[in-house]
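Take a look at the structure below.
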Amino acid sequence: MHQTTQRLVNSIKRTFNAAEICVLARTQKLPVVSIKADQPIAATSHCVYQFTCNCDESYIGRTERCLISRVKKHLPKWVQISVLRKNDNVVETRKQPASAVARHVLTTGHVIDPMCAFRILLRRSNPRFLRFAEVVAINPLKPTFYPMVQNLPELERNTFESYVQKIVERSADRKRTNLLLRVSPKKPRLQFPEQLERYPMVQNLPELERNTFESYVQKIVERSADRKRTNLLLRVSPKKPRLQFPEQLERQIDLEVQFENFSNQLQELCPSSELNSERSKSTLVTIA
Numbered sequence: 014m015h016q017t018t019q020r021l022v023n024s025i026k027r028t029f030n031a032a033e034i035c036v037l038a039r040t041q042k043l044p045v046v047s048i049k050a051d052q053p054i055a056a057t058s059h060c061v062y063q064f065t066c067n068c069d070e071s072y073i074g075r076t077e078r079c080l081i082s083r084v085k086k087h088l089p090k091w092v093q094i095s096v097l098r099k100n101d102n103v104v105e106t107r108k109q110p111a112s113a114v115a116r117h118v119l120t121t122g123h124v125i126d127p128m129c130a131f132r133i134l135l136r137r138s139n140p141r142f143l144r145f146a147e148v149v150a151i152n153p154l155k156p157t158f159y160p161m162v163q164n165l166p167e168l169e170r171n172t173f174e175s176y177v178q179k180i181v182e183r184s185a186d187r188k189r190t191n192l193l194l195r196v197s198p199k200k201p202r203l204q205f206p207e208q209l210e211r212y213p214m215v216q217n218l219p220e221l222e223r224n225t226f227e228s229y230v231q232k233i234v235e236r237s238a239d240r241k242r243t244n245l246l247l248r249v250s251p252k253k254p255r256l257q258f259p260e261q262l263e264r265q266i267d268l269e270v271q272f273e274n275f276s277n278q279l280q281e282l283c284p285s286s287e288l289n290s291e292r293s294k295s296t297l298v299t300i301a
């Protein structure tokens with residue numbers, strides 16, 4: 014405010030030297046309400062939520078839309094009305110809701126308050142991260158009426174759990190490999206760790222895994238060196254590309270040596286012949 018006043022005074026003095034300016038009042042900053050206030054739970058989207066019944070049964074789910082829309086699918090109005098009419102008595106209905114929460118409420122007759130039964134566990138905008146977070150949240154809780162896990166046979170359930178465990182381990186191995194190889198996102202560069210004490214993740218690996226990792230990195234380095242050597246032998250010209258493989262290069266050198274020997278022998282026999290002409294040389298190379 015002081016700088017603005019000084020600039021205004023200087024401008025007026027340059028234009029109207031006889032005029033004088035004085036400040037009659039000063040304003041204060043108004044309190045601004047934050048536009049990023051906490052949203053209500055019903056309006057939250059891209060989240061992993063948990064439903065808890067009165068009987069301590071739980072259900073884990075995820076949604077990319079507003080949570081209120083998913084709540085309406087789990088507990089539609091006709092389900093709540095059917096439960097309230099009989100006062101904890103199960104209502105006989107021909108409708109079979111697709112939601113496991115609705116089937117549980119109809120079977121047990123428990124009166125549920127949707128705003129209190131649902132709570133948010135995690136918020137993320139990445140759909141893939143939400144899928145993994147849902148599986149991780151389901152695994153330790155083991156909900157009793159979760160349809161995708163509870164209804165599976167024991168063998169398939171163990172297979173599913175081992176599959177999830179492999180996904181988690183694979184993600185951890187990928188992060189560890191990227192850390193050890195020092196792969197830059199802009200310019201990939203392989204660098205084998207020479208001082209293992211600086212890399213605790215390599216130091217803590219078993220001897221067999223460490224040898225496997227070292228051989229894997231060594232193969233990558235050798236493959237890169239072979240690629241550079243092959244590109245050098247191919248003799249790629251920047252103006253006119255011409256591919257020449259090492260096998261063809263060796264064959265051409267052998268033909269040239271054979272031609273020189275054969276030409277020298279013929280020249281000794283008949284030096285006055287036309288064997289030294291370029292046409293004869295090309296013909297001999299073609300025949301050879």
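Mind the numbering: the sequence shown is residues 14 to 301 in the numbering used here, read in order.
Note that CB positions come from ideal geometry on N, CA and C, so glycine has one too.
These figures come from a predicted structure and were not determined experimentally.
- Around the beta carbon of I125, 16 or more other beta carbons lie within 10 angstroms, which makes this residue buried.
- Shown here, R75 sits in a strand according to DSSP, grouped into three states.
- Counting the other CB atoms within 10 Å of its CB gives V36 a total below 16, which places it among the exposed residues.
- Inclusion of I73 and A150 in the CB contact set at 7 Å is warranted, their separation being smaller than that value.
- The shortest CA-to-CA distance from T121 to any of V22, N67, L21 and V61 is the one to N67.
- Contact between H87 and V61 does not hold, since the beta-carbon distance rounds to 14 Å and is not under 8 Å.
- CA-CA distance, E220 to Q231, rounds to 16 Å.
- Within the model, the alpha-carbon separation for Y176 versus R183 is close to 10 Å.
- Assignment of beta-bridge partners to T65 by DSSP yields S71.
- Residues of the same chain with a CB within less than 6 Å of the CB of A56, apart from the 5 flanking positions on each side, are C79 in chain order.
- Around the C-beta of S95, 16 or more other C-beta atoms lie within 10 Å, and the residue is accordingly described as buried.
- At least 7 Å separates the beta-carbon of F142 from that of V84.
- In the three-state reduction of the DSSP assignment, F145 falls in the helix class.
- The continuous alpha helix (DSSP H) containing R83 extends over residues L80 to H87.
- The continuous beta strand (DSSP E) containing L134 extends over residues F131 to R136.
- In this structure Q63 is in contact with L134, their Cβ atoms being roughly 5 Å apart against a cut-off of 8 Å.
- Counting of Cβ neighbours within 10 angstroms places L119 among the buried residues, the total reaching 16 or more.
- Counting the other CB atoms within 10 Å of its CB gives R75 a total of 16 or more, which places it among the buried residues.
- For A115, the enclosing alpha helix (DSSP H) covers residues A113 to T121.
- Apart from sequence neighbours up to five positions away, no residue of its chain approaches K179 with a beta-carbon distance below 6 Å.
- Excluding sequence positions up to five before and after V92, its CB lies within less than 8 Å of the CB of P110, A115, V118 and L119, all in the same chain and listed in chain order.
- Considering only I233, R240, I25 and H123, the residue with the shortest C-alpha distance to D69 is H123.
- Looking only at S138, C129 and K26, the smallest Cα-Cα distance to I54 is reached by C129.
- Your pair S112 and H59 does not check out as a contact, with CB atoms roughly 20 Å apart and the cut at 8 Å.
- When rounded, the separation of the alpha-carbon atoms in T28 and T17 is 17 Å.
- Short of 6 Å from the beta carbon of A32, and not among the five residues preceding or following it, lie these beta carbons of its own chain, in chain order: I25.
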